[in-house]
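Trainee: In the numbering used here, the protein residues as written are 132 to 759.
We put the beta carbon where it would ideally sit given N, CA and C, even for glycine.
If you scroll down you'll find the structure; I have some questions about it.
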């Protein structure tokens with residue numbers, strides 16, 4: 132009886148509390164609608180009152196060394212209130228604004244669609260010179276007035292896809308977010324999009340009284356309804372703008388990407404995309420036409436961020452992860468030796484060729500610095516066959532690989548990206564009807580076959596090795612003014628490999644540069660740990676698969692014993708890894724650590740190197756249309 136009595140009392144109390152809460156919410160909402168918003172709607176509805184927004188300057192963007200990358204410069208918008216426009220003067224108005232009468236009608240129709248009595252942007256981004264010429268004409272242009280704003284100013288001609296750009300809001304954005312009105316600007320792509328709220332600030336509003344001639348005569352009601360704009364926040368990036376610009380110079384006439392990361396912090400030091408474009412092209416009234424030109428370049432694809440969106444086979448760089456998994460699974464030890472007969476027969480009439488035709492015996496160190504296919508094919512095969520079924524073995528292998536950040540978007544603070552692809556047993560079961568073995572998937576051992584990675588994942592992989600088994604999510608923003616960065620950019624992500632297994636692998640990576648496949652990339656007094664990669668490259672032409680020039684890849688970090696920079700360089704159609712990717716990586720490392728480059732001969736060779744003709748060759752051979 133006491134229990135039932137208690138439940139009854141609690142139910143009555145709960146109903147009373149619920150009624151009070153609901154009533155309070157309704158009262159607040161009614162007050163807002165009938166008093167606060169009603170007051171504003173009455174003001175806006177008055178034909179004699181003009182509402183003009185006051186926009187704060189967009190937030191400045193600095194590099195990690197406080198160098199100003201993006202600032203602002205003033206521009207002006209011509210706003211229109213359609214009901215106040217004298218349509219019979221359309222020809223004169225068109226001449227005053229230096230536009231065609233057809234263009235005038237289209238812009239007027241757009242404004243009418245928005246509102247007959249509310250102001251909207253008629254002509255955006257006029258210059259100071261155009262503004263000066265129009266000032267003396269505005270007295271007779273009824274229904275038009277000028278609003279001051281600011282546009283982006285880029286102090287460096289690099290990092291366009293990294294930074295993104297701003298442009299006018301579209302209909303979807305206007306309908307989905309009440310803050311934005313027609314003609315206003317919003318962050319588009321890149322960090323401008325990710326940090327839109329921080330960079331835009333919050334616009335203020337001023338109400339002006341108009342006389343019977345539609346001339347503004349002063350503040351409405353002494354400005355008691357006016358609001359001040361809230362200033363934006365400055366961003367300090369993780370990017371080293373000097374290193375970024377240097378990377379641009381090295382990638383001239385080459386297609387590909389460079390990504391450099393500070394291993395201990397996950398801060399991205401450089402994100403170079405080639406071909407790129409000057410970010411100033413997407414500023415002002417010519418932005419749309421310039422964007423179309425860039426977007427129509429179907430060969431170079433400058434708007435395609437290769438470092439984040441490009442999905443490629445990782446090639447021999449992936450041998451490192453198979454070495455680590457083999458050590459963790461006790462499949463191999465540092466001194467484990469495999470025999471190589473110039474390659475590996477992994478099935479009947481199936482031969483994986485190695486880099487030498489001679490019979491050799493390789494331990495782990497030798498296998499890494501000579502990039503022995505046989506060693507890693509045998510290691511991978513034993514990893515998969517170490518379990519009851521190939522499916523269990525492969526899924527175990529997949530879990531290891533994914534713990535390094537492969538197969539997902541990583542979580543960086545940029546809206547662009549691709550996840551890559553790491554196959555699991557379900558994938559092969561669908562393709563081979565549950566009838567496959569380790570040798571069926573043997574290409575995974577050398578980074579070919581079904582595996583796809585992005586350059587940023589490979590750079591993060593290099594950073595993870597440098598940290599001996601952990602990484603911090605790569606990110607582009609170091610500090611936000613009066614705010615903090617996302618906490619996920621401060622936390623360690625642990626792999627499934629114990630730290631002790633990284634040392635023998637790192638020793639092999641050091642020898643890659645000291646006496647292996649990348650000896651052309653040695654730097655005096657800087658010990659680099661790295662791995663070259665050569666990824667097979669195919670294209671489908673008229674339904675046929677044609678092999679093209681391989682991609683050149685290098686991953687690494689330096690100094691090997693106290694890493695300050697981890698890097699991935701990916702050169703499309705760059706032949707083998709040591710030809711282009713490795714020396715470019717070493718120049719970037721030297722530039723970052725020493726602040727200057729002594730190997731001018733190598734720098735000259737790279738800067739003057741031209742791979743564009745090789746890139747275009749398969750298209751020109753088959754009469755593909757190439758954009759100028």
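Comparing C-alpha positions only, which one of 283, 250, 156 sits nearest to residue 204?
Mentor: Within the chain shown, the letter at position 73 stands for residue 204. Selected option, being the one with the closest Cα: 283.
Trainee: Need the endpoints of the beta strand (DSSP E) that residue 208 sits in, please.
Mentor: One-based indexing of the chain shown puts residue 208 at position 77. Counting along the chain, the beta strand (DSSP E) containing residue 208 begins and ends at 199-211.
Trainee: If I follow the unbroken beta strand (DSSP E) through residue 601, where does it start and stop?
Mentor: Looking up residue 601 in the chain shown gives position 470. Unbroken beta strand (DSSP E) run through residue 601: 601-603.
Trainee: Using the Cβ count rule (16 or more neighbours within 10 Å means buried), how would you classify residue 418?
Mentor: The residue given as residue 418 occupies position 287 in the chain shown. It counts as buried.
Trainee: In terms of alpha-carbon separation, which member of 575, 679, 696 lies closest to residue 602?
Mentor: For the purposes of this step, residue 602 is identified with residue 471 of the chain shown, where counting begins at 1. Among 575, 679, 696, the Cα nearest to that of residue 602 belongs to 696.
Trainee: So the candidates are 716, 436, 242; which of them puts its Cα closest to the Cα of residue 313?
Mentor: Position 182 of the chain shown, counted from the start, is the residue given in the question as residue 313. The shortest Cα separation from residue 313 among 716, 436, 242 belongs to 242.
Trainee: From the DSSP output, in three-state form, read off residue 220 for me.
Mentor: By one-based count along the chain shown, residue 220 stands at place 89. Three-state result, residue 220: helix.
Trainee: So, using beta-carbon positions, are residue 199 and residue 292 closer together than 8 angstroms?
Mentor: Here residue 199 refers to the residue found at position 68 when the chain shown is read from its first residue. Here residue 292 refers to the residue found at position 161 when the chain shown is read from its first residue. No, Cβ-Cβ distance for residue 199 and residue 292 is not below 8 angstroms.
Trainee: Kindly indicate which residue of 669, 359, 381, 357 has the alpha-carbon position closest to the one of residue 735.
Mentor: Along the chain shown, read from residue 1 onward, the residue named residue 735 stands at position 604. Among 669, 359, 381, 357, the Cα nearest to that of residue 735 is on 381.
Trainee: Taking three-plus beta-carbon pairs below 8 angstroms as touching, is the region 548-564 in contact with the region 488-507?
Mentor: No contact exists between the region 548-564 and the region 488-507.
Trainee: With three or more C-beta pairs closer than 8 angstroms as the rule, is the region 379-395 touching the region 403-415?
Mentor: Enough Cβ pairs lie closer than 8 angstroms, so yes.
Trainee: For residue 283, write down the residues that DSSP places opposite it in a beta bridge.
Mentor: Numbered from 1 along the chain shown, position 152 holds the residue referred to as residue 283. Beta-bridge pairing links residue 283 to 203.
Trainee: Among 727, 690, 684, which one has its Cα closest to the Cα of residue 711?
Mentor: Numbered from its first residue, the chain shown carries residue 711 at position 580. Selected option, being the one with the closest Cα: 684.
Trainee: Measuring CB to CB, does residue 644 end up less than 8 angstroms from residue 499?
Mentor: Along the chain shown, one-based indexing puts residue 644 at 513. Along the chain shown, one-based indexing puts residue 499 at 368. Not a contact, by the Cβ cut-off of 8 angstroms.
Trainee: Tell whether a beta-carbon distance below 8 angstroms holds between residue 248 and residue 209.
Mentor: What you label residue 248 is simply residue 117 of the chain shown in a count that begins at 1. What you label residue 209 is simply residue 78 of the chain shown in a count that begins at 1. Not a contact, by the Cβ cut-off of 8 angstroms.
Trainee: Just how far apart, CA to CA, sit residue 410 and residue 255?
Mentor: Numbered from 1 along the chain shown, position 279 holds the residue referred to as residue 410. Numbered from 1 along the chain shown, position 124 holds the residue referred to as residue 255. Computed Cα separation, rounded: 19 angstroms.
Trainee: Name the DSSP beta bridge partners of residue 614, please?
Mentor: On the chain shown, residue 614 is found 483 positions in, with the first residue counted as 1. DSSP output for residue 614 lists 611 as bridge partner(s).
Trainee: With a cut-off of 8 angstroms, do at least 3 Cβ pairs link the region 568-578 to the region 498-518?
Mentor: Touching, per the Cβ criterion.
Trainee: Give the straight-line distance between the Cα atoms of residue 322 and residue 429, rounded to the nearest whole angstrom.
Mentor: In the chain shown, counting from the first residue as 1, residue 322 sits at position 191. In the chain shown, counting from the first residue as 1, residue 429 sits at position 298. Straight-line Cα distance between these residues: approximately 24 angstroms.
Trainee: Can you name the residues that DSSP bridges to residue 685?
Mentor: By one-based count along the chain shown, residue 685 stands at place 554. Residue 685 pairs with 663, 700.
Trainee: Applying the criterion that 16 or more other CB atoms from any shown protein chain within 10 Å of the CB defines a buried residue, is residue 573 buried or exposed?
Mentor: For this step, residue 573 is matched to residue 442 along the chain shown. Buried, because 16 or more other Cβ atoms sit within 10 Å of the Cβ of residue 573.
Trainee: Please confirm if the region 454-461 is in contact with the region 620-635, defined as three or more CB-CB distances below 8 angstroms between the two stretches.
Mentor: At 8 angstroms Cβ cutoff, the stretches touch.
Trainee: What is the DSSP secondary structure of residue 436, reduced to helix, strand or coil?
Mentor: For the purposes of this step, residue 436 is taken as the residue at position 305 of the chain shown. Coil, per DSSP.
Trainee: In chain order, which beta strand (DSSP E) runs of at least 3 residues are fully inside the region 293-345?
Mentor: Segments of the beta strand (DSSP E) lying fully in the region 293-345: 296-299, 316-319, 335-341.
Trainee: Excluding the five sequence neighbours on either side, which residues of its own chain have a C-beta within less than 7 angstroms of the C-beta of residue 148, listed in chain order?
Mentor: Residue mapping note: residue 148 aligns to position 17 of the chain shown, counting from 1. Cβ neighbours of residue 148 beyond the five flanking positions: none.
Trainee: Using 10 angstroms around the beta-carbon of residue 303, count the other beta-carbons present and answer buried if the total reaches 16, otherwise exposed.
Mentor: In the chain shown, the residue the question calls residue 303 occupies position 172. The residue in question, residue 303, is exposed, as its Cβ has fewer than 16 Cβ neighbours within 10 Å.
Trainee: Could you give the distance in angstroms between the alpha-carbon of residue 336 and the alpha-carbon of residue 188?
Mentor: Counting from 1 along the chain shown, the entry for residue 336 is found at position 205. Counting from 1 along the chain shown, the entry for residue 188 is found at position 57. Answer to the nearest angstrom: the Cα atoms are 14 angstroms apart.
Trainee: Find the nearest neighbour of residue 333 within the set 186, 503, 532, 538, judged by alpha-carbon distance.
Mentor: As a working mapping, residue 333 is identified with position 202 in the chain shown. Comparing Cα-Cα distances from residue 333 to each of 186, 503, 532, 538, the minimum goes to 186.
Trainee: State the start and end residues of the unbroken alpha helix (DSSP H) segment that holds residue 421.
Mentor: Locating residue 421 in the chain shown gives position 290, where the first residue counts as 1. Where residue 421 is concerned, the enclosing alpha helix (DSSP H) stretches over 418-426.
Trainee: Who are the Cβ neighbours of residue 300 in its own chain at under 6 angstroms, not counting the five residues just before and after it?
Mentor: Reading the chain shown from its first residue, position 169 is the one you call residue 300. If we look at residue 300 and ignore the five residues flanking it on each side, its Cβ neighbours are 311, 315, 317.
Trainee: Can you have a look at residue 586 and say buried or exposed, based on whether 16 or more other CB atoms are within 10 angstroms of its CB?
Mentor: Against the chain shown, residue 586 aligns to sequence position 455. By the 10 Å Cβ count, residue 586 comes out buried.
Trainee: Considering only residues of the same chain and omitting the five flanking positions on each side of residue 657, which have a CB-CB separation below 8 angstroms?
Mentor: What you label residue 657 is simply residue 526 of the chain shown in a count that begins at 1. Contacts found: 689, 690, 720, 721, 724, 725.
Trainee: Given 8 angstroms as the limit, is there contact between the region 390-403 and the region 589-597, that is, 3 or more CB pairs closer than that?
Mentor: With the cut-off at 8 angstroms, the region 390-403 and the region 589-597 touch.
Trainee: Tell me residue 678's beta-bridge partners as DSSP assigns them.
Mentor: In the chain shown, residue 678 corresponds to position 547, counting from 1. In DSSP, residue 678 forms a bridge with 669.
Trainee: Could you tell me which residues DSSP pairs with residue 109 in its beta bridges?
Mentor: No answer is possible for residue 109: the residues shown for the chain start at 132 and end at 759.
Trainee: If we count the other Cβ atoms within 10 Å of its Cβ and call it buried at 16 or more, is residue 151 buried or exposed?
Mentor: The residue given as residue 151 occupies position 20 in the chain shown. So residue 151 ends up on the exposed side.
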